[in-house]
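Numbering (our numbering), first residue to last: 15 to 255.
Note that the Cβ used here is the ideal one computed from N, Cα and C, for glycine as well.
Heads up, the thing below is written out as C-alpha cells.
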Ligand code: URA
C-alpha cells in the first residue's frame, strides 16, 4: 500500500495532508524517515490486529485495517456526537480515531461508568449492539434502598417495564451488599437497568458496566482511558454461553 494511502486510512488527514506530512519528513518506518508518499509498504494486517509499525512525528503507531477499542467510560460524558448537557465521550479519543469515524457499540447513560466498546466496523457495531445476539452484560449497581433475596428473585423471574410487551428477566443477579447488586442482562434496552430497578421499587445510585460477553474492562484503564482490542479480547468477547 502506498504510504500516503496508508496514513490516510489510519486517520491522519486527507490524502493531501498525509502527502504533506510525508514530504515534510514526519514519518519513519523501522527507524528510517520515509519522505516518498508513493513508497509501497505491506500494511501487514487485514483486520483489527496490529500490522506495520510506523512513527508520526516520533509517536509510534501500528497499522490496523479496522479500529476496535475499549474505553473506560467515565461518569459525566454522553455517548453522542451531539451531546446535550455533558461533554461527548468522543473528546476522549485521539483525532485519528475520530477521522476514522469510530462509533460506540451501544450506549451507556451519561452517569454510567465502565466498559464501552468502540469501532469503525459497522458490522461489528451491529453484531455487538443488537439485542438479538443476547450478549450478556454485567453491571455493578449501588441502590438507594437496601434489597434482599426477594428482589433478586423478582429480577431473575422478570419485571414488567413500561412499553415492553412482556416481562424482562435478568440473566443473573446477586447481592453484593445490602445496597448493591451484580446484575447481568442480555438485552440493551433504553435505560434498561434503571427501569428494571425502578420496577422493583428502588433507584440506581451508581451504575458500572464491568463486562460485555466474556470480555471484562481492563483494570489497568483509568476512567477516560482507552486501548486497542487485541486478539485475546475478541476471543474473550465471544466466550459466553
Ligand atoms: N442500563 C441503564 O439503565 N443505563 C445504562 O447506561 C446501561 C444499562
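Return yes when at least one heavy atom of the ligand URA lies under 7 angstroms from the C-beta of residue i, else no.
{"i": "residue 207", "result": "yes"}
{"i": "residue 221", "result": "yes"}
{"i": "residue 122", "result": "yes"}
{"i": "residue 126", "result": "yes"}
For residue i, which of the options has the nearest alpha-carbon?
{"i": "residue 128", "options": "16, 224, 250 and 182", "result": "224"}
{"i": "residue 238", "options": "190, 130 and 158", "result": "130"}
{"i": "residue 210", "options": "188, 226, 175 and 191", "result": "175"}
{"i": "residue 111", "options": "132, 202 and 29", "result": "132"}
{"i": "residue 185", "options": "194, 207 and 191", "result": "207"}
{"i": "residue 60", "options": "46, 30 and 20", "result": "20"}
{"i": "residue 71", "options": "101, 40, 89 and 65", "result": "40"}
{"i": "residue 55", "options": "32, 44 and 16", "result": "16"}
{"i": "residue 117", "options": "107, 34, 100 and 63", "result": "107"}
{"i": "residue 152", "options": "183, 249 and 230", "result": "230"}
What residue range is occupied by the uninterrupted beta strand (DSSP E) comprising residue i?
{"i": "residue 214", "result": "No beta strand (DSSP E) holds residue 214; DSSP gives it neither H nor E."}
{"i": "residue 188", "result": "186-191"}
{"i": "residue 197", "result": "194-199"}
Note the first and the last residue of the continuous alpha helix (DSSP H) segment covering residue i.
{"i": "residue 23", "result": "17-23"}
{"i": "residue 245", "result": "245-252"}
What are the start and end residues of each continuous alpha helix (DSSP H) run of 4 or more residues lying completely inside the region 99-163, in chain order?
If we require 4 residues or more, the alpha helix (DSSP H) runs fully inside the region 99-163 come out as 109-113 and 136-143.
Runs of beta strand (DSSP E) wholly within the region 37-103 (minimum 3 residues, chain order)
If you keep only unbroken beta strand (DSSP E) runs of at least 3 residues inside the region 37-103, you get 41-43, 67-70, 73-76 and 82-87.
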